[in-house]
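If you're matching positions, the sequence shown starts at 10 in the working numbering and goes up one per residue.
Glycine is no exception: its CB is placed at the ideal position from the N, C-alpha and C atoms.
Only a predicted model underlies this, so the values are computations on that prediction, with no experimental measurement involved.
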Amino acid sequence: MDIKRSKQIFKEAQTVMVGGVNSPVRSFRLVGGHPLVMKSGQGSQLFDEDQNAYTDYCLSWGSLILGHSHKDIVQILKKAIVHGTSFGTTTSAELEIAKFITKNIPSIERVRFVNSGTEATMSAIRVARGFTKKEKIIKFDGCYHGHFDDLLTKAGSGVANLSESSSLGITKNHIQNTFSLPFNDSQTFEKIVTQHKAEIACVIIEPVAGNMGVIPAKEEFLKTIRQITQKNNIVLIFDEIMTGFRSHIGGVQSELGVIPDMTCLGKIIGGGFPVGAYGGKREIMSYLAPLGGVYQAGTFAGNPVVMQVGLATLKNLTPSFYKKLNAFADQFAQKLNAFFQKNQIEAFLSHYKSMMSLRFRKKPVANYEDAVAASSQAKYSKVFHQLLRHQIYWPPADLEAFFLSGSHTQADLNVLYRWICDYFSKN
Ligand SMILES: Cc1ncc(COP(=O)(O)O)c(C=O)c1O
């Protein structure tokens with residue numbers, strides 16, 4: 010495959026952008042080989058600067074549930090853009106999408122839009138701290154909530170001590186208030202809350218973890234967390250930035266019937282534009298300025314173009330859309346896992362509906378320790394490059410999820426199935 014222009018552009022990009030990228034995982038450092046420079050997308054297809062086509066399962070990290078350049082998005086964009094791009098005031102577009110979100114996500118009575126998932130989790134935690142007047146937070150090993158200082162903790166750094174940071178440049182002050190506990194471990198959670206309940210402001214969790222492969226939280230675990238947080242004046246925050254609107258119009262919380270106090274959203278609600286949102290019970294959200302004393306603001310927050318594109322995306326997410334996408338995903342996972350089982354291959358597809366990851370062991374994964382045991386950068390790189398050679402674009406990192414969209418066809422999935430099986434038959 011000729012990627013001459015990708016190489017040229019990336020080489021030049023490295024002279025002016027750090028590592029040639031604006032987000033580290035794009036650099037292909039985890040899989041090796043040469044990063045591709047993409048130029049356009051249509052439906053399930055991505056095209057690089059050399060006009061090579063790839064079936065895209067990264068989908069802007071799960072944002073593009075309708076695929077690339079969906080007709081409704083293009084149409085609304087064309088219409089919206091001629092009326093101005095940013096006003097710095099409330100708009101009716103914001104109102105419409107806010108109504109849609111509060112109607113469908115059970116935990117959100119009041120919402121605030123921001124520009125990224127990171128901003129959403131950071132701000133939700135600030136509100137939770139303001140509301141409870143407590144400072145410590147609990148997160149879970151292997152869950153990613155963006156690059157907010159208080160949440161960049163080293164997974165598996167031990168529960169007896171507060172966490173260590175996973176990045177340079179983060180002061181002890183930030184990390185000293187964060188516990189990182191094992192995912193899906195009710196006992197440890199209960200123990201830590203019993204010891205520190207007077208200091209714990211909130212618990213933040215991905216109800217289906219999507220950043221250590223795909224690992225659904227056990228229902229019993231989420232229910233325990235819900236019960237214990239409720240009893241101890243601790244705000245429960247679901248990070249549904251990846252799962253929100255992916256498999257159900259009401260998020261994972263609606264599917265499981267476990268309703269948090271606050272929820273963070275992002276990705277899908279922007280239809281491919283930068284966005285984040287957080288919301289929750291009216292009582293809690295009223296601590297936020299201008300009503301309350303928790304400050305958070307943004308020049309571009311609730312941008313009118315982004316809000317219109319986001320709403321156009323959400324309006325496509327009908328019950329029949331989800332029924333089809335979820336069934337499509339389940340069938341693919343079943344077929345691939347049957348292949349692995351029949352051929353006694355040390356791999357399985359871990360998935361929650363259309364959010365998927367390939368794990369390099371037979372046993373299911375329940376937490377970060379399992380995720381590490383089931384991961385293999387070397388094997389993943391080989392599969393990744395085999396797929397890339399056959400014009401399939403997967404996330405360039407082992408622990409990232411891959412996704413299906415409404416624009417993928419059975420033919421697309423047959424090709425993916427064929428090349429994954431081909432790899433495992435020969436390796
Ligand atoms: C679950 C989850 N939370 C938060 C974030 C951060 O969102 P953003 O990259 O928009 O800051 C991500 C990003 O992938 C995510 O997957």
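Checklist entry - Quick one: Cα of Gln317 to Cα of Ala347, how far? => result 42 angstroms
Item to check | Proximity test, Cβ basis, 8 angstroms: Phe254 and chain C | outcome: Checking the listed chains, one finds no chain C in this structure; it contains a single protein chain.
Checklist entry - With 16 other CB atoms within 10 Å as the buried threshold, where does Lys362 fall? => result buried
Checklist entry - Can you pull the DSSP bridge partners for Arg368? => result Looking at the DSSP assignment, Arg368 forms a beta bridge with Phe357.
Item to check | Backbone CA spacing between Ala169 and Glu144 [nearest angstrom] | outcome: Reliability of the predicted coordinates at Ala169 is poor, the pLDDT of 43 falling under 50, and no value is obtained from them.
Checklist entry - So does Thr238 have its beta carbon nearer than 7 angstroms to some heavy atom of ligand 1? => result No, ligand 1 has no heavy atom inside 7 angstroms of this Cβ.
Checklist entry - For Met131, which residues from the same chain have a beta carbon less than 6 angstroms from its beta carbon, with the 5 sequence-adjacent residues on both sides left out? => result Phe157
Checklist entry - Candidates Val314, Asp379, Gly301: which alpha carbon is nearest Gly97's? => result Val314
Next on the checklist: With H, G and I counted as helix, E and B as strand and the rest as coil, what does DSSP make of Ser72?
Outcome noted: Three-state DSSP puts Ser72 in coil, outside helix and strand.
Next on the checklist: Just list the residues that DSSP pairs Phe348 with in beta bridges.
Outcome noted: Answer is none; Phe348 lacks a bridge partner.
Next on the checklist: Please classify Arg427 as buried or exposed, where buried requires at least 16 neighbouring CB atoms within 10 angstroms.
Outcome noted: exposed
Item to check | Inter-residue spacing [alpha-carbon to alpha-carbon] between Ala387 and Ser295 | outcome: 49 angstroms
Checklist entry - In angstroms, rounded to a whole number, what distance separates the CA positions of Arg368 and Lys344? => result Straight-line spacing of the CA atoms in Arg368 and Lys344 works out to 15 angstroms.
Item to check | Where Met221 falls, given that 16 or more other Cβ within 10 Å makes a residue buried | outcome: buried
Item to check | Distance, Gln185 Cα to Thr24 Cα | outcome: Thr24 and Gln185: Cα-Cα distance of roughly 37 angstroms.
Checklist entry - Where does Asp431 land, buried or exposed, given buried means 16+ other C-beta within 10 angstroms? => result exposed
Checklist entry - Along the chain, which unbroken stretches of the beta strand (DSSP E) at least 3 residues long are found entirely within the segment 182-241? => result 187-190, 209-214
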